[in-house]
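Read in order, the letters of the sequence shown correspond to residues 6 to 323 in this note's numbering. Where a beta carbon is used, it is the ideal one built from N, C-alpha and C, also for glycine. Values in this document were obtained by computation on a predicted structure and should not be read as measured data. Here is the structure we will look at.
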Amino acid sequence: MRCTLIVCFLFFALIGSTCVQSVEADSACIAASGNCQEDSLQCSGSYQSGLCSGSATRRCCIPSADSACIAASGNCQEDSLQCSGSYQSGLCSGSATRRCCVPAAGDAACTATSGNCQEDSLQCSGSYVSGLCSGSANRRCCVPSGSASCSNLYITRSEWNARDATSQTTLQTPVSKVFIHHTDTPTCTDMASCKTRVRSIQNYHMDSNGWNDIGYSFLVGEDGNVYEGRGWSNVGAHTQNFNNIAYGVAMIGSYGSRLPNANALTAVKNLIACGIQLGKIQSSYQLYGHRDAGQTSCPGNQLYAEIQTWPNYSNATP
Ligand SMILES: [Zn+2]
């Protein structure tokens, strides 16, 4: 019994001294505001050797002075520069005007119209548009007056050498719904090949399907351009039962196993934002994929998953 007590005492004494030794050995790292850890772990700064006890791979992670901003998924920059999100103070090293631009992922549609997401009680030298900003309903997009981003919005029919429609029906606007499609064709990544692709789709719709024009309201290429189909003013042939109350926007390509590139996705968001700004789409519009309205895999699994993350995607039956 007496013997056991002595063993216990020795055991704790050993543990204690090991602990103290360890802290002392890491003190150089701690003094540098760093943290000793295995250098296979992520370090939002840089590793320095020779400051930590233990094996050679146990090294000192010294945070960069901007690490608080980086941790917020932001970027430290001069706050006179444009920031597609909002500036936050106190997260960056350097001067007071070097601040952390934290992107607002859900604000892309507003940013695409050269607008700014803010509380709509604040002054706006332009007009507020709903449905383009993340967050609460009164966080809205202040679109500056005279914003030029919605002019030259798309490549016109004459620019891609469209055939004339054989007949047209005027669409009542603003519409309440937008359907996203893919063309399920090869993609196109420059204007010349996208124009050729759009012409071939029109030929197919008119000659094989017997329609009076290309079916989609607009088409979007991975060249980042929007191509005018039936446009803002005419009823399309894209989504059975909904053509009279919706626009159909087709992304050129096949998006079952990959996403359209960023240029194409941004172009679609910008098109919708401008549709709202131009009074063609209700600001409270519902976004859908073609498959939400019928038996089709369109717009492909990957693109369908993507649009479900967009602010106006609706889980309600269209
Ligand atoms: Zn479709």
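Subject >> Exposure of Ser222, with buried meaning 16 or more beta-carbon neighbours within 10 Å >> reply: Under a 10 Å Cβ-count criterion, Ser222 is classified as buried, with 16 or more other Cβ atoms of the shown protein chains found around its own Cβ.
Original post:
Does the region 198-207 come close enough to the region 236-254 that 3 or more CB-CB pairs lie under 8 Å?
Top reply: They do not touch, by the three-pair rule.
**OP:** Identify the continuous beta strand (DSSP E) that holds Ala70 and give its terminal residues.
**Re:** Taken as a continuous stretch (DSSP letters only), Ala70 belongs to no beta strand (DSSP E), as it is neither H nor E.
Original post:
First and last residue of the alpha helix (DSSP H) that includes Ala197?
Top reply: First-last of the alpha helix (DSSP H) with Ala197: Met196 to Asn208.
Subject >> Cβ-heavy atom distance, Pro323 to ligand 1, below 7 Å >> reply: Not so, every heavy atom of ligand 1 lies at least 7 Å from the Cβ.
Original post:
Where does Pro304 land, buried or exposed, given buried means 16+ other C-beta within 10 angstroms?
Top reply: In this structure Pro304 is buried. Its beta-carbon is surrounded by 16 or more other beta-carbon atoms within 10 angstroms.
**OP:** Over the uninterrupted alpha helix (DSSP H) stretch that includes Val268, give me the two end residues.
**Re:** A small fix is needed here, since residue 268 is Asn in this sequence, not Val. Per DSSP, Asn268 is one residue of the alpha helix (DSSP H) stretching across Ala267 to Gln282.
Original post:
Excluding the five sequence neighbours on either side, which residues of its own chain have a C-beta within less than 7 Å of the C-beta of Asp297, listed in chain order?
Top reply: Leaving aside the five residues that flank Asp297 on each side, the residues in its chain whose CB is nearer than 7 Å to its CB run, in chain order, Pro323.
Original post:
Does at least one heavy atom of ligand 1 sit under 7 Å from the Cβ of His295?
Top reply: Yes, the Cβ of His295 comes within 7 Å of a heavy atom of ligand 1.
Original post:
In chain order, what residues of the same chain have a beta carbon less than 8 Å from the beta carbon of Ile219, not counting five sequence neighbours either side?
Top reply: Within the same chain, Ile219 has close Cβ partners Ala167, Val203, Ile206, Gln207, His210, Met211, Gly234 and Arg235.
Original post:
What do you reckon, is the C-beta of Pro304 under 7 Å from a heavy atom of ligand 1?
Top reply: The beta carbon of Pro304 sits closer than 7 Å to at least one heavy atom of ligand 1.
Subject >> Within 8 Å, strictly: CB atoms of Gln123 and Arg104 >> reply: No, they are not a contact pair.
Subject >> Residue of Val231, Asn268, Arg263 and Ala267 minimising C-alpha distance to Gly253 >> reply: The shortest Cα separation from Gly253 among Val231, Asn268, Arg263 and Ala267 belongs to Val231.
**OP:** With hydrogens ignored, establish whether the beta-carbon of Asp301 is closer than 7 Å to any heavy atom of ligand 1.
**Re:** What sits at residue 301 in the sequence shown is Thr, not Asp. Correct: Thr301 has its Cβ closer than 7 Å to ligand 1.
**OP:** Identify whether Ala153 lies in helix, strand or coil by the three-state DSSP scheme.
**Re:** Because Ala153 carries a pLDDT of 46, less than 50, the predicted location of this residue cannot be relied on, and the following value inherits that uncertainty. Under the three-state reduction of DSSP output, Ala153 falls in the coil class, being neither helix nor strand.
**OP:** Flag His210 as yes when its Cβ comes closer than 7 Å to any non-hydrogen atom of ligand 1, and as no otherwise.
**Re:** Because no heavy atom of ligand 1 lies under 7 Å away, the Cβ of His210 does not count as near it: no.
**OP:** Note down, in chain order, each residue of its chain lying with its Cβ closer than 6 Å to the Cβ of Cys115, except the 5 sequence neighbours on either side.
**Re:** Cβ within range, chain order: Cys122, Leu137, Cys138 and Cys146.
**OP:** Inspect the beta-carbon positions of Asn217 and Ala170 and report whether they are closer than 8 Å.
**Re:** Yes. Within cutoff.
Original post:
What is the residue span of the alpha helix (DSSP H) that Ala310 lies within?
Top reply: Run containing Ala310: Asn306 to Ile312, per the alpha helix (DSSP H) assignment.
**OP:** Using only alpha-carbon positions, find the residue among Gly55, Asn249, Glu227 and Ser259 that is nearest to Thr271.
**Re:** For Thr271, the closest C-alpha among the options Gly55, Asn249, Glu227 and Ser259 is that of Glu227.
Subject >> Complete beta strand (DSSP E) runs within the region 81-151 (minimum length 3 residues, chain order) >> reply: Counting only runs of at least 3 residues, the region 81-151 fully encloses the following beta strand (DSSP E) elements, listed from N- to C-terminal order: 90-93, 103-108, 121-124, 131-134 and 144-149.
Subject >> When Gln87, Cys81 and Ile35 are compared against Cys66, the one with the closest alpha-carbon >> reply: Between Cys66 and the set Gln87, Cys81 and Ile35, the nearest pair of CA atoms involves Ile35.
Subject >> Three-way DSSP call (helix, strand, coil) for His295 in this model >> reply: Three-state DSSP puts His295 in a helix.
**OP:** Quick one: residues in its chain with C-beta nearer than 6 Å to the C-beta of Gly261, no 5 flanking neighbours on either side, listed in chain order?
**Re:** Listed in chain order, the non-local C-beta contacts of Gly261 below 6 Å within the same chain comprise Gly305 and Asn306, local neighbours out to five positions each way being set aside.
**OP:** With distances taken Cα to Cα, identify the nearest neighbour of Gly215 among Cys279, Ser172, Ser58 and Ser156.
**Re:** Distances from the alpha-carbon of Gly215 to those of Cys279, Ser172, Ser58 and Ser156 put Ser172 closest.
Original post:
Between the Cα of Tyr159 and the Cα atoms of Gly280, Gly50 and Ala37, which residue gives the shortest distance?
Top reply: Closest option to Tyr159, Cα to Cα, is Gly280.
**OP:** Could you check if Leu176 is buried or exposed, using at least 16 other CB atoms within 10 Å of its CB as the buried criterion?
**Re:** The residue in question, Leu176, is buried, as its Cβ has 16 or more Cβ neighbours within 10 Å.
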